[in-house]
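To keep things clear, I will list the structure first and then write my remarks on it.
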Amino acid sequence: MRLDTEGQLFDVVGTRGSATALAGRLYRWKQQGNECADDCDHDEQLNQREATSMKASSTRPRTTLTDRRDHSCFQNNSLFPCRNRLPNFAICFLSLGLAIIDYSEKEGQADELMTPRRFCFIAAPLAAGLLAVAALAFNRPICRHVDGLSMAPGLLPGDRVTMQPAGMFARARQPRRLERWVLDAPESSPAVKRVVGLGAKMGGEQLSIQEGDLVVDGATVLAPPRVLAQTASPVAAEKRYAADGTIELVVQSPIYDDASFAPDERRLLLPVRDVGVAAVIRVPATATRQSPARVVIRIENRGIAWTVIGPVRLGMVAGRLDGNLVGAAWPVAAQMPAHGPRTTLPPGPPLHWSINSPWPDAASKETPSLSVRVEHAANRSASAAHALAFEETAVEELVVWRDILYRPAANGTTHWLIGPDQIFVLGDFPSGSRDSRHWGPLDVRLLLHCLDEVIVGDHR
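Numbered by our numbering, the letters in the sequence shown go through residues 1 to 460 in order.
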């Protein structure tokens, strides 16, 4: 079922008949919208079979999007409960305007001269209803399902992504580096990629992949904490506890760019040098300003220390990343999990690193040693109360992570020139992604929507 709302309203405005009858038809249309949900079940099965066939025919995984918004019937789901029907408030506005017209006709005022006040009295409710309907239809988020592994581990098959449909307004601003966007891919249906190169409106730039890192105009691109939360992969580590409270994390060296989410992939593994630690620390109220707790995360022979006053639950991350020693700490609510289903970092990381300094030996490929130590004033005094506070300070979560290792193009190309009004996009799973390494720089107008939210699917 498809209804041209504008055509229906035009017929009403040009008709001298009873407006109440049309209000009844609008309400019936609203009820008939529920029937669309049954039709969508069949459409969804067709979409799933189509997505399965596309995935089977693809020679290289890529993250595509299966559109769950049918043109004739909007699927009803938990995210958008009003997706398949005209909202109640819009119906009320329209019905009010129609009732006013009907009342005017019954009072014999239809043949009188149309005064400005009477025109506003009749047109205002109708205009408000039309604006409400248009605004809701224009701003209704689009929800699509992910098919492919090119943006793993942050996006996996079965996940859902939401985005705003107002693509023209999204494209009005320049995309920001490292944002995830839906684009009109040259070789497939709309796909999700990460924008890493920005030549648009900036006179162009030089981009290269060096030792697994992104380099733009000679400077290495440092991923902020929120991007690292989407791209970092967990690394197996053995925890060794020392008497002084130090927890040493022993990992196999070197750390390779393997992928647990793609066990069937066969490729040459390469060593990764960007690694670090993510932790969730709970500090009790006994850690006061006079007797604070101290958390030290060591990466090789360099350490980052935080002085903490309780009670607080903190998320912490530190490590060697893109040629820098980085670190950040932020509060994590008590009811929040230690980490999300698609990330090794604690929930809610900040936008920027609070600690960022160049790594002294950026060219080193050796895996650094990692350790976490929770200290308290009790370590430096004989107070029994301080000793009790030290025992109550808990390390709830401790994970070793590694960063993306970007790979050159299949033909060995590592340098690209991005011209004005062009972008360069990459997948988060470099060995399983078709992107600008194969297509080259793309026109910025191919960008469709910026991702708003990711809803984890059942395929975990």
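Where is the CB? At the ideal position from N, CA and C, for every residue including glycine.
### Task
Please name the residue, chosen from L228, L446, I297, E396, that lies closest to V283 on a Cα-to-Cα basis.
If you number the sequence shown from 1, residue 283 lands on position 283. Of L228, L446, I297, E396, the residue nearest in Cα terms is E396.
### Query
From what residue to what residue does the beta strand (DSSP E) around P463 run?
Outside the displayed span of the chain (1 to 460) sits residue 463, for which this structure offers no information.
### Task
Kindly give me the distance between the Cβ atoms of R402 and S431, rounded to whole angstroms, as I take these residues to be in contact under 8 Å.
Here residue 402 is taken as the residue at index 402 of the sequence shown, counted from 1. Here residue 431 is taken as the residue at index 431 of the sequence shown, counted from 1. In fact, because the Cβ distance is near 14 Å, the residues do not count as touching under 8 Å.
### Message
Suppose contacts are defined by Cβ-Cβ distances below 8 Å. Is H438 in contact with A409 by that definition?
### Response
As a first step, residue 438 must be located in the sequence shown, where it is residue number 438. As a first step, residue 409 must be located in the sequence shown, where it is residue number 409. Yes. Within cutoff.
### Task
Measure the alpha-carbon distance for P224 versus A128 and round it to whole angstroms.
Indexing the sequence shown from 1 puts residue 224 at position 224. Indexing the sequence shown from 1 puts residue 128 at position 128. If I take the Cα positions, the gap works out to 43 Å.
### Query
So who's on the other strand from V443, going by DSSP bridges?
Residue mapping note: residue 443 aligns to position 443 of the sequence shown, counting from 1. As written in the sequence, residue 443 is Asp, which differs from the Val given in the question. Beta bridge pairing from DSSP links D443 with Q422.
### Query
How many Å lie between R313 and R294 at the Cα?
In the sequence shown, residue 313 corresponds to position 313, counting from 1. In the sequence shown, residue 294 corresponds to position 294, counting from 1. Using only the alpha carbons, I get a separation of about 13 Å.
### Query
Should L268 go down as buried or exposed, given a rule of 16 or more other Cβ atoms within 10 Å for buried?
Here the question's residue 268 lines up with position 268 in the sequence shown. Flag for L268 reads exposed.
### Range of the contiguous beta strand (DSSP E) that encloses L268
Locating residue 268 in the sequence shown gives position 268, where the first residue counts as 1. First-last for L268: undefined, no H or E at that position.
### Query
Would you call the segment 347 to 358 and the segment 315 to 325 in contact, with 3 or more CB pairs under 8 Å?
yes
### Validate contact between the segment 274 to 293 and the segment 366 to 375 using beta carbons, cut 8 Å, 3 pairs
yes
### Message
Along the chain, where does the beta strand (DSSP E) containing K462 start, and where does it finish?
### Response
Outside the modelled stretch of the chain, which goes from 1 to 460, sits residue 462, for which no answer is possible.
### Message
Could you check whether P441 and G419 sit closer than 8 Å to each other, using their CB atoms as the reference points?
### Response
On the sequence shown, position 419 is the one that residue 419 refers to. On the sequence shown, position 441 is the one that residue 441 refers to. In contact: G419 and P441 (Cβ atoms closer than 8 Å).
### Task
Starting from the Cα of A236, find the closest Cα among V227, T414, Q252 and give me that residue.
Position 236 of the sequence shown, counted from the first residue, corresponds to residue 236. A236 has its Cα closest to that of Q252, out of V227, T414, Q252.
### Task
Could you tell me whether the Cβ of V272 comes closer than 8 Å to any Cβ of chain C?
The chain labelled as chain C is not found in the depicted structure, where only one protein chain is given.
### Task
Write down every uninterrupted run of the beta strand (DSSP E) in the segment 312 to 388 whose length is 3 residues or greater and which is fully enclosed by it, in chain order.
312 to 321, 324 to 331, 355 to 358, 370 to 376
### Task
Look up V251 in the DSSP assignment and say whether it is helix, strand or coil.
For the purposes of this step, residue 251 is taken as residue 251 along the sequence shown, with counting starting at 1. Looking at V251 - three-state DSSP - the assignment turns out to be coil, as it is neither helix nor strand.
#### Entry: Environment of P349 [buried if 16+ CB atoms lie within 10 Å]
Looking up residue 349 in the sequence shown gives position 349. By the neighbour-count rule (16 or more Cβ atoms within 10 Å), P349 is buried.
### Query
What is the DSSP secondary structure of S431, reduced to helix, strand or coil?
Counted from its first residue, the sequence shown places residue 431 at position 431. The answer is helix: DSSP assigns S431 an H, G or I state.
### Query
Would you call S364 buried or exposed, if buried means 16 or more other Cβ atoms sit within 10 Å of its Cβ?
Your numbering for residue 364 matches position 364 in the sequence shown. Exposed, because fewer than 16 other Cβ atoms sit within 10 Å of the Cβ of S364.
### Task
Could you tell me whether the Cβ atoms of L345 and V372 are closer together than 8 Å?
Residue numbering aside, residue 345 sits at position 345 when the sequence shown is read from its first letter. Residue numbering aside, residue 372 sits at position 372 when the sequence shown is read from its first letter. It is not a contact, given that the beta carbons lie outside the stated cut-off.
### Task
Whole angstroms is fine: what's the gap from P331's alpha carbon to V280's?
The sequence position of residue 331 within the sequence shown is 331, counting from 1. The sequence position of residue 280 within the sequence shown is 280, counting from 1. Rounded to the nearest angstrom, the two C-alpha atoms are 9 Å apart.
### Message
From the DSSP secondary-structure annotation, give me the bridge partner or partners of V400.
### Response
Here residue 400 refers to the residue found at position 400 when the sequence shown is read from its first residue. Within the DSSP bridge table, the entry for V400 names V235, V277 as partners.
#### Entry: Reference A191, options V182, P153, L198, G197, closest by Cα
Translated into positions along the sequence shown, residue 191 becomes position 191. The shortest Cα separation from A191 among V182, P153, L198, G197 belongs to V182.
### Query
Would you say A262 touches the ligand ATP, meaning its beta carbon is less than 7 Å from a heavy atom?
The model depicted lacks the ligand ATP and carries no ligand whatsoever.
### Query
For the beta strand (DSSP E) that contains V221, what are its first and last residues?
Translated into the one-based positions of the sequence shown, residue 221 becomes position 221. No beta strand (DSSP E) contains V221, which DSSP labels as neither H nor E.
### Task
Identify, in the order they occur along the chain, each residue of the same chain with its Cβ nearer than 6 Å to the Cβ of L446, setting aside the five sequence neighbours on each side.
Residue numbering aside, residue 446 sits at position 446 when the sequence shown is read from its first letter. Once the five neighbours on either side are set aside, the close Cβ partners of L446 are L183, D184.
### Query
If P157 and S233 are in contact, beta carbons under 8 Å, what's the gap, nearest whole angstrom?
To locate residue 157, count along the sequence shown from 1; it is residue 157. To locate residue 233, count along the sequence shown from 1; it is residue 233. So it is not a contact: roughly 17 Å between Cβ atoms.
### Message
Just to confirm before moving on: does the CB-CB distance between Y241 and I247 stay below 8 Å?
### Response
Walking along the sequence shown from the start, residue 241 turns up at place 241. Walking along the sequence shown from the start, residue 247 turns up at place 247. A contact, by the Cβ cut-off of 8 Å.
#### Entry: When S189, D244, E375, V196 are compared against R177, the one with the closest alpha-carbon
Stepping through the sequence shown from its first residue, residue 177 is reached at position 177. Checking every option, the nearest Cα to that of R177 belongs to V196.
### Message
Taking 6 Å as the limit between beta carbons, can you name the residues of its chain near G199, skipping five residues before and five after?
### Response
Position 199 of the sequence shown, counted from the start, is the residue given in the question as residue 199. Here the set comprises E205, I418, G419, P420, Q422.
### Message
Cutting at 6 Å between CB atoms, please list the residues of its own chain near V317, excluding the five before and the five after it.
### Response
Counting from one through the sequence shown, the residue named residue 317 turns up at place 317. So the qualifying residues of the chain are A278, A328, L345.
### Query
To which residues of the same chain is T343 closer than 6 Å at the C-beta, ignoring the five residues directly before and after it?
The residue you call residue 343 lines up with position 343 of the sequence shown. Same-chain partners within the cutoff: A229.
### Residue range of the unbroken beta strand (DSSP E) whose run includes R176
The residue given as residue 176 occupies position 176 in the sequence shown. First-last for R176: undefined, no H or E at that position.
### Message
For S433 and S150, what's the separation of their Cα atoms in angstroms?
### Response
Locating residue 433 in the sequence shown gives position 433, counting from the first residue. Locating residue 150 in the sequence shown gives position 150, counting from the first residue. Their backbone Cα atoms lie some 4 Å apart in a straight line.
### Query
Can you give the Cα-Cα distance for V462 and V146, rounded to whole angstroms?
Residue numbering for the chain in the displayed model covers 1 to 460; residue 462 lies beyond these limits and cannot be assessed.
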